[in-house]
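**Q**
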Amino acid sequence: MGTRNANNGFTLVELMITVALVGVIAALAVPSFATMIANNRLATASNDVVGVLNYARSEAIKTGRSVIVNPTDGANWANGVSVWIDRNGNGSMQDSEELRRTSGAPGSVTVNSSSNFAFTGGGLLPNGSAAVTIQVCDDRSGESGRSITITLGGRIRAEDLTCG
163 MGTRNANNGF TLVELMITVA LVGVIAALAV PSFATMIANN RLATASNDVV
213 GVLNYARSEA IKTGRSVIVN PTDGANWANG VSVWIDRNGN GSMQDSEELR
263 RTSGAPGSVT VNSSSNFAFT GGGLLPNGSA AVTIQVCDDR SGESGRSITI
313 TLGGRIRAED LTCG
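Everything in the sequence shown is counted per the working numbering, starting at 163 for the first residue and increasing by one.
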């Protein structure tokens, strides 16, 4: 009986070719993966804003009272949004008046609004106010973001926006 030389492993050349192919595929996939992550951040922030607006409007209708929506820190919408009822009519939020608070936008996402606003007890914007526009963008120029518009009738509409 002769001895048999079994070769059950990879040669160094085969291993190097495999590593090179994996490197080329990874180099092609990483940029598109980064774009996908950035697009998902925009979608998440936009959906969070629309969700909190729908919640604020439904609470206004349910309670029959004005529900105010403004940035948590009073200035920057990207740092989060507060939804509250001004029960005592003093124009400032007390802890017991807050209904919901959102966290800040992820990553480099910016959220800008044309104004602070409230929904009336009927779910509308107050008389004499203008439609409100909220823009959700990130730091990529020319990329699509979302424009969220609240009409005087309280309708919330989101559409694509080319960010600057």
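Glycine included, C-beta positions come from ideal geometry on N, C-alpha and C.
Give a yes or no on whether the C-beta atoms belonging to Gly285 and Arg219 are separated by under 8 Å.
**A** Yes. Within cutoff.
**Q** Which residue comes first and which comes last in the beta strand (DSSP E) that contains Leu261?
**A** Leu261 -> beta strand (DSSP E) spans Glu260 to Arg263.
**Q** Tell me, please, which residues DSSP counts as bridged to Glu321.
**A** The partner list for Glu321 (beta bridge, DSSP) reads Ser309.
**Q** With Phe281 as the anchor, note down where its beta strand (DSSP E) starts and where it stops.
**A** Its beta strand (DSSP E) spans residues Phe279 to Phe281.
**Q** Below 8 Å, can you find three or more Cβ-Cβ pairs linking the region 176–185 to the region 267–285?
**A** Judged by Cβ distances under 8 Å, the region 176–185 makes no contact with the region 267–285, as fewer than three pairs qualify.
**Q** What does DSSP give as the partner residue(s) for Pro233 in the beta ladder?
**A** Per DSSP, Val243.
**Q** I need the DSSP call for Ser275, collapsed to helix, strand or coil.
**A** If DSSP states are grouped into helix, strand and coil, Ser275 belongs with the strands.
**Q** On the DSSP letters alone, give me the boundaries of the beta strand (DSSP E) that Thr173 sits inside.
**A** Here Thr173 belongs to no beta strand (DSSP E), and DSSP marks it neither H nor E.
**Q** Okay, do the region 231–245 and the region 264–278 touch, 3+ Cβ pairs below 8 Å being the bar?
**A** Segments in contact, yes.
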